[in-house]
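I have placed the structure first, in the form of structure tokens, so that the comments after it can refer back to it.
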Amino acid sequence: MMRILMGAATPVPSPSETVNPDLVTPGPWGFLVIALLAVVVILLITDMMRRIRRGRVRADIREELDAEARAEAGADPDSATDDTDGEAPEHGAPERS
């Protein structure tokens, strides 16, 4: 009785290999899919960065043109007046010249 309460040594099963490791590896098709996915992600990131950079340059040019227009009109170049009269800026396709 005392041996049951103290926790007799129970046999621990030894791990046995039941799965064939050759059947659970990704193989060449898995490598090809992951490599193709990596290339697509790199191309998408490159395109996104190019678009962000282009938008920033256009915004800088637009600010410079607005500042020149205000300076030609005789307005104070340091003032932060907006020509839209309180309207929200238009969000659409950029103007092309």
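Numbering (the numbering used here), first residue to last: 26 to 122.
Just so it is clear, CB atoms sit at the ideal spot from N, CA and C, and this is done for glycine as well.
### Query
So is the beta-carbon of Asp72 under 7 Å away from any non-hydrogen atom of the ligand HEM?
For the ligand HEM, the structure offers nothing, since it holds no ligand at all.
### Message
Quick check on Thr71: does DSSP put it in helix, strand or coil?
### Response
In the sequence shown, residue 71 corresponds to position 46, counting from 1. The three-state secondary structure of Thr71, taken from DSSP, is helix.
### Task
Express the C-alpha separation of Gly99 and Asp85 in angstroms, rounding to a whole number.
Translated into positions along the sequence shown, residue 85 becomes position 60. Translated into positions along the sequence shown, residue 99 becomes position 74. Straight through space, the alpha carbons of Gly99 and Asp85 are spaced by roughly 21 Å.
### Query
For Gly52, which three-state DSSP category applies?
Locating residue 52 in the sequence shown gives position 27, where the first residue counts as 1. In the structure shown, the three-state DSSP call for Gly52 is helix.
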